[in-house]
Amino acid sequence: MIIKILGSGCQKCVTLAENAKAAADAAGKDARIVKVTDFAGIAAYGIMSTPGLVVDERVVSAGKVLTAAEIGRLL
Amino acid sequence: MDLFGWINTQLLRMQWLSDAVTAGVRAAGLDPASRIGGSVQFFVYDVIKIFILLSVLIFAISYVQSYFPPERTRRILGGRSGIGANILGALLGTITPFCSCSSIPLFIGFTAAGLPLGVTFSFLISSPLVDMASVILLASIFDWSVALAYVGVGLAVAIIGGTIIGKLGMEDQVAAFVRNVPVMDADETLTRGERAGFARDQVTDIVRKVWPYVLIGVGIGAAIHNWVPAETIGALLGQDKWWAVPVATLIGIPIYADIFGTLPIAEALVGKGVGLGTVLAFMMAVTALSLPSLIMLRRVVKLPLLATFTGVVTAGILTIGFVFNAITHWFI
Numbered sequence: 001m002i003i004k005i006l007g008s009g010c011q012k013c014v015t016l017a018e019n020a021k022a023a024a025d026a027a028g029k030d031a032r033i034v035k036v037t038d039f040a041g042i043a044a045y046g047i048m049s050t051p052g053l054v055v056d057e058r059v060v061s062a063g064k065v066l067t068a069a070e071i072g073r074l075l
Numbered sequence: 076m077d078l079f080g081w082i083n084t085q086l087l088r089m090q091w092l093s094d095a096v097t098a099g100v101r102a103a104g105l106d107p108a109s110r111i112g113g114s115v116q117f118f119v120y121d122v123i124k125i126f127i128l129l130s131v132l133i134f135a136i137s138y139v140q141s142y143f144p145p146e147r148t149r150r151i152l153g154g155r156s157g158i159g160a161n162i163l164g165a166l167l168g169t170i171t172p173f174c175s176c177s178s179i180p181l182f183i184g185f186t187a188a189g190l191p192l193g194v195t196f197s198f199l200i201s202s203p204l205v206d207m208a209s210v211i212l213l214a215s216i217f218d219w220s221v222a223l224a225y226v227g228v229g230l231a232v233a234i235i236g237g238t239i240i241g242k243l244g245m246e247d248q249v250a251a252f253v254r255n256v257p258v259m260d261a262d263e264t265l266t267r268g269e270r271a272g273f274a275r276d277q278v279t280d281i282v283r284k285v286w287p288y289v290l291i292g293v294g295i296g297a298a299i300h301n302w303v304p305a306e307t308i309g310a311l312l313g314q315d316k317w318w319a320v321p322v323a324t325l326i327g328i329p330i331y332a333d334i335f336g337t338l339p340i341a342e343a344l345v346g347k348g349v350g351l352g353t354v355l356a357f358m359m360a361v362t363a364l365s366l367p368s369l370i371m372l373r374r375v376v377k378l379p380l381l382a383t384f385t386g387v388v389t390a391g392i393l394t395i396g397f398v399f400n401a402i403t404h405w406f407i
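One line per chain: the protein sequences are A and B, in this order. Number 75 marks the last residue of the first sequence (this note's numbering); no jumps. Number 407 marks the last residue of the second sequence (this note's numbering); no jumps.
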């Protein structure tokens, strides 16, 4: 699966990416983490608060730094 | 003593804390009236006070803000235009949760949904400028009349600035991709527990982000307070100097700092006789305009619009500075 982290590279995005990686590992899924940092790319998903989390092209959260456990439930 | 006065001195200004820190400085063998003792007193008292207020305020305000996610604000503003929309945009800017790294996605989301450019800018100007937590902190350092005046003029800059930008019809100055962005409406209802959770996260988040600015700000404040002679500051930024406001504004624009960091500097400067208008101009310039945010904004709007935005806000700040310096005697 492809997990995208939408955000211009602030600390929150980094934390969210780490948590997503941990969640995917814990769930035993082979996930590729992609960081989307340009505004056009972020905006294409229609979110207004960053960081955003996209799992297989579906926006699952915006403006929140979810914990690994919370992300696990969304995978 | 009247209740309002008590709230101001003990709850907001925390006179009890100041007294306690003074006693502590004395117990440590320092004279609070001396330079070193005074610096230590100012630093310890201000740092503790700002962090207590910061935590309590951000929690309370974030709880309220959880009712106004950007999607809802966009719905409220949708289909409106004219000065009423600018006023509403500026007001909503004060209660929508704001993070500088989200201002560009927000700009894109508003514009894509067809909100008038002027309304979006009213929102974007007021959002960092008239932050609720900073207003209460302002009341704690000066008093309520100053804080209310700050809210009033901050909103005025946002409303008038947005209206001017709207009148200039610069809709074609927005990067082309912005128009083709999908408009999604996330509609989530949160439980009370989730709102409290959001508020708690905001506190940790903001405190983690601003503590260096607060320490640096208080450090500079303490230094000004006890080491820089009032004459030096007066010669540079004194009330009788016409250039005080422009200089303070120009110094403030490129700086990116949190308002919580600038307040202790403002406090110390006013203590040295710098005009209230000069100090407010400095604070507004620091919070409303900064080099990093202008560089980010440049990626979604063209240069003429960016220059107009910067120019309009700068002009507003200068006006406020001069006006407040002329009427300082009403407040202090």
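For every residue, glycine included, the Cβ atom is placed at its ideal position computed from N, Cα and C.
Go through its chain and collect everything with a Cβ distance to residue i's Cβ below 6 Å, but skip five positions before and after it.
{"i": "residue 293 of chain B", "result": "118, 121, 122 and 339"}
Report the option in the options whose CA atom is closest to the CA atom of residue i.
{"i": "residue 21 of chain A", "options": "A/63, A/55 and A/45", "result": "A/55"}
{"i": "residue 363 of chain B", "options": "B/201, B/276 and B/379", "result": "B/201"}
{"i": "residue 220 of chain B", "options": "B/377, B/305, B/317 and B/83", "result": "B/83"}
{"i": "residue 378 of chain B", "options": "B/331, B/302 and B/248", "result": "B/248"}
{"i": "residue 397 of chain B", "options": "B/318, B/253 and B/144", "result": "B/318"}
{"i": "residue 96 of chain B", "options": "B/79, B/114 and B/80", "result": "B/114"}
{"i": "residue 180 of chain B", "options": "B/316, B/365 and B/374", "result": "B/374"}
{"i": "residue 403 of chain B", "options": "B/110, B/217 and B/140", "result": "B/217"}
{"i": "residue 49 of chain B", "options": "B/401, B/124, B/341 and B/299", "result": "In this structure chain B extends from 76 to 407, so residue 49 of chain B is not present and cannot be described."}
{"i": "residue 131 of chain B", "options": "B/110, B/281, B/313 and B/170", "result": "B/281"}
{"i": "residue 212 of chain B", "options": "B/302, B/86 and B/138", "result": "B/86"}
{"i": "residue 44 of chain A", "options": "B/370, B/170 and B/251", "result": "B/251"}
{"i": "residue 278 of chain B", "options": "B/134, B/103 and B/93", "result": "B/134"}
{"i": "residue 57 of chain A", "options": "A/68, A/65, A/28 and A/34", "result": "A/34"}
{"i": "residue 32 of chain A", "options": "A/4, A/74 and A/65", "result": "A/4"}
Answer with yes or no whether the minimum CB distance from residue i to chain E is below 8 Å.
{"i": "residue 267 of chain B", "result": "Here the protein chains are A and B, and chain E is not one of them."}
Under the rule that 16 or more other beta-carbon atoms within 10 Å means buried, what is residue i, buried or exposed?
{"i": "residue 9 of chain A", "result": "exposed"}
{"i": "residue 1 of chain A", "result": "exposed"}
{"i": "residue 306 of chain B", "result": "exposed"}
{"i": "residue 191 of chain B", "result": "buried"}
{"i": "residue 399 of chain B", "result": "buried"}
{"i": "residue 299 of chain B", "result": "buried"}
{"i": "residue 19 of chain A", "result": "buried"}
Please return the same chain residues whose Cβ sits closer than 8 Å to the Cβ of residue i, not counting the five positions on each side in sequence.
{"i": "residue 188 of chain B", "result": "149, 153 and 258"}
{"i": "residue 50 of chain A", "result": "6, 7, 8, 10, 12, 13, 42, 62 and 63"}
If you drop the 5 nearest sequence neighbours on each side, which residues of the same chain put their C-beta closer than 7 Å to that of residue i?
{"i": "residue 334 of chain B", "result": "206, 209, 358 and 362"}
{"i": "residue 343 of chain B", "result": "296, 299 and 300"}
Can you give me, in chain order, the residues of the region 34-45 of chain A that have a beta carbon less than 7 Å from any beta carbon in chain B? 39, 40, 42, 43 and 44
Can at least three beta-carbon pairs, one atom from the region 149-161 of chain B and one from the region 338-355 of chain B, be found at a separation below 8 Å? no
Give me the subset of the region 46-59 of chain A whose CB atoms are less than 8 Å from a CB atom of chain B, sorted by chain position. 46, 47, 48, 49, 50 and 59
For the region 218-232 of chain B against the region 254-273 of chain B, do three or more pairs of beta-carbon atoms, one drawn from each stretch, fall closer than 8 Å, so that the two count as touching? no
Quick check: the region 385-400 of chain B against the region 320-329 of chain B, are there 3 or more CB pairs under 8 Å? yes
Taking contact to mean 3 or more Cβ pairs, one atom from each stretch, closer than 8 Å, check whether the region 236-248 of chain B and the region 186-203 of chain B are in contact. yes
Taking only beta carbons into account, state which residues of the region 60-75 of chain A come closer than 9 Å to chain B, listed in chain order. 62, 63, 64 and 65
Near-chain A residues of the region 99-131 of chain B (beta-carbon distance less than 8 Å), N- to C-terminal order: none
Listed in chain order, which residues of the region 367-380 of chain B have Cβ atoms closer than 9 Å to some Cβ of chain A? 371, 374 and 375
Short of 9 Å Cβ to Cβ, which residues in the region 235-259 of chain B face chain A? 250, 252, 253, 255, 256, 257, 258 and 259
I want to know whether the region 350-358 of chain B touches the region 296-310 of chain B - three or more CB-CB distances under 8 Å. no
Residues, ordered as in the chain, of the region 183-204 of chain B that lie near chain A by beta-carbon distance below 9 Å: 183, 184, 185 and 187
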